[in-house]
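2 protein chains.
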Amino acid sequence: MSAFHTYKNPSLAVDMVVFGYQDNKLSVLLLNRNEEPFKNEWTLPGGFVRMEDTFEETCTNILSKKLGLTKLYLEQLYSFDETDRDPRGRVISVAYYSLINPAKFKIVAGSMANDVKWFEVKKMPKLAFDHKKIFAAAIKRLQSKILYFPLGFELLDDLFTMSELHQLYECILDTEIDRRNFSRKILDADFIINTGIKREGVKNRQPDLFKFNKKLKQNNFHLNIQQQ
Amino acid sequence: MSAFHTYKNPSLAVDMVVFGYQDNKLSVLLLNRNEEPFKNEWTLPGGFVRMEDTFEETCTNILSKKLGLTKLYLEQLYSFDETDRDPRGRVISVAYYSLINPAKFKIVAGSMANDVKWFEVKKMPKLAFDHKKIFAAAIKRLQSKILYFPLGFELLDDLFTMSELHQLYECILDTEIDRRNFSRKILDADFIINTGIKREGVKNRQPDLFKFNKKLKQNNFHLNIQQQ
DNA sequence: TTAGTTTGTGTTATTTTGACACAAAGGTAA
DNA sequence: TTACCTTTGTGTCAAAATAACACAAACTAA
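From first to last, the protein sequence lines stand for chains A and B. So the first sequence is numbered by numbering that gives the first Met the number 0: it starts at 0 and just counts up by one. So the second sequence is numbered by numbering that gives the first Met the number 0: it starts at 0 and just counts up by one.
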């Protein structure tokens, strides 16, 4: 195409909605900006995409180098393209969301921010740019995807009890789920049945722990939980 | 962010999977390129995003100016970012898919292509770039979304019979669906019940035509059709 | 008219779901 | 240890959803 070099290109960035689960609450990691625009306001972690990096590489670099987070579940969410979404000029944002177990990491505010903090999804502050919209899309995706894909395990320890999983689902879906019916649905799910996931007792913990094999994630299941 | 102007930005393009339904077959619109790279090979329609245009504006411009298609259903699919996906250099592709009723338009090959043709999804030629991957993602999205959102109507005339709709679903999902159970599910769907969609006889056509009001699209429903 | 096809309605067995009873197991405090 | 409470596992059952199919009415084509 002859026009290949005649266009000026929009800038390209990634923004990430990093979910963590602690104390039976779902939280999101936010940075307090130390530069204009939106200085001292809260934003999603993000950064520009370099010519030689893929989106995932960009995400991984930002999270690992600046926040110390590695080996995360990452999934592309949507690309946000409104022409006025960044006051500095035209910036496309490719949004990703990530699920992490906060117990496994120490979050460190790098040079890019005054502060880094977990905010419960029900107590979010005002967000800079169009990040409120990105956050809303991420919550919606998480809520719908967890019904047919075992996302929840990313947020828990490798070993967890059925009731921990149950509470996680109630928290994410923001609804009550009958404990006994939930348990049966999980145990009937293909990814448990087909792969022989183990249940075992572990010292000093309750006797019904699941041992979760990360390889099981690929198997689909469907919970069909009714929203209240 | 001080780095705002120090990055060289990847080029940004949109590519579109335009679905049409004719003769009880689902087809996709492809262009035959008249320039290198991939000269004389088939590709999805697409083009570069200008600084002042959103993705949807870019899509609309390409489809209307070059192919004569207007007022289309458009939905963002995914953004493809592999660094080597375009031999000319780094090009991000934001993929959209579109549903049109081919009977309403005359497709014209503009200056950008040798030829424009509908290809049945089961008889696709080799595609240039990574467009095979984009096409596969679009089919998958269409198949899953049609189960809970009334997408199918975009592909039919404003008036259509129940059996036309039934055949469309069988075709898209590539499975057999019991005619009588399907009919009941459609009639029980919220978007029919809540809005009082009309059924009426029309001269010279079968007496069970639906009159489809475009405003109804917003209402969700769930068909829960079993894949064979 | 007749034969064949398409379409609308009804029936039924099976499966899935939601709600809940109850017992077993584990923890805690005396 | 016992008594009591909490947590967890299994079972039951009614209601709802689903899949399969019978049959009659309407239409088409000859």
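Cβ atoms here follow ideal geometry from the backbone N, Cα and C, with glycine treated the same way.
Three or more beta-carbon pairs separated by less than 8 Å are not found between the stretch 123-141 of chain A and the stretch 128-146 of chain B, which leaves the two stretches without contact.
Distance from the CA of B/G46 to the CA of B/L158, rounded to the nearest whole angstrom, comes to 34 Å. Restricted to the stretch 147-189 of chain B, the beta strand (DSSP E) segments that are unbroken, complete and at least 3 residues in length are 158-160, listed in chain order. With distances taken between CA atoms, B/L25 lies nearest to B/I171 out of B/I171, B/E163 and B/V93. Under the Cβ criterion of 8 Å, A/P9 is counted among the residues facing chain B.
In the structure shown, B/F134 adopts helical secondary structure according to DSSP, grouped into three states. Burial is judged here by how many other beta carbons sit within 10 angstroms of a residue's own beta carbon; B/M50 has fewer than 16 and is exposed. Counting only Cβ-Cβ distances below 7 Å, A/R140 has no contacts in chain B at all, with the closest Cβ about 13 Å away.
A direct Cα-to-Cα measurement between A/D156 and A/P101 gives close to 10 Å. For B/V93, the chain A residues whose C-beta falls within less than 9 Å of its own C-beta are S78, D80, I91 and V93, listed in chain order. Interface annotation for the stretch 50-66 of chain A against chain B: M50, E51, T53 and F54, criterion Cβ-Cβ distance under 7 Å. Annotation for B/N113: the continuous beta strand (DSSP E) segment containing it runs A112 to E119. Taking a Cβ-Cβ cut-off of 7 Å, the neighbours of A/V48 in chain B comprise P9, given in sequence order. DSSP links A/T53 through a beta bridge to no other residue. In the DSSP assignment, B/L11 falls within the unbroken beta strand (DSSP E) covering S10 to Q21. Neighbours of B/Q75 in chain A, taken as residues whose beta carbon is under 7 Å from its own, are Y77 and S78 in chain order.
Annotated three-state conformation of A/R140 is helix, per DSSP. Burial state of A/A137 is buried, judged by a 10 Å Cβ sphere holding 16 or more other Cβ atoms. Using a C-beta cut-off of 8 Å, the stretch 13-28 of chain B makes no contact with the stretch 16-23 of chain A, since fewer than three inter-stretch Cβ pairs fall below that distance. Note on A/E163: 16 or more other CB atoms within 10 angstroms of its CB, so buried under the neighbour-count rule.
Comparing alpha carbon positions, the residue from B/R89, B/A112, B/Q142 and B/H165 closest to B/L43 is B/A112. Under the three-state reduction of DSSP, A/A102 is assigned to helix. Between A/V13 and A/F54, the gap from beta carbon to beta carbon is short of 8 Å. Spanning the alpha carbons of B/E74 and A/V90 requires a straight line of approximately 20 Å. CA-to-CA, the gap between B/D85 and B/M15 works out to about 16 Å. If you draw a straight line from the Cα of B/N8 to the Cα of B/G88, it is about 11 Å long.
Going by C-alpha positions, A/V120 is about 45 Å away from B/M123.
Rounded to the nearest whole angstrom, the C-alpha separation of A/T69 and B/D177 is 49 Å. Relative to B/S97, the option among B/V17, B/E40, B/R32 and B/R183 whose CA is nearest is B/V17.
Per DSSP, A/F79 is one residue of the beta strand (DSSP E) stretching across Y72 to F79. In the three-state reduction of the DSSP assignment, A/K24 falls in the strand class, which pools E and B.
Separation of A/Y77 and A/Y95 (C-alpha to C-alpha, rounded to the nearest whole angstrom) is 7 Å.
Residue pairing from DSSP places B/T42 in a beta bridge opposite B/L30.
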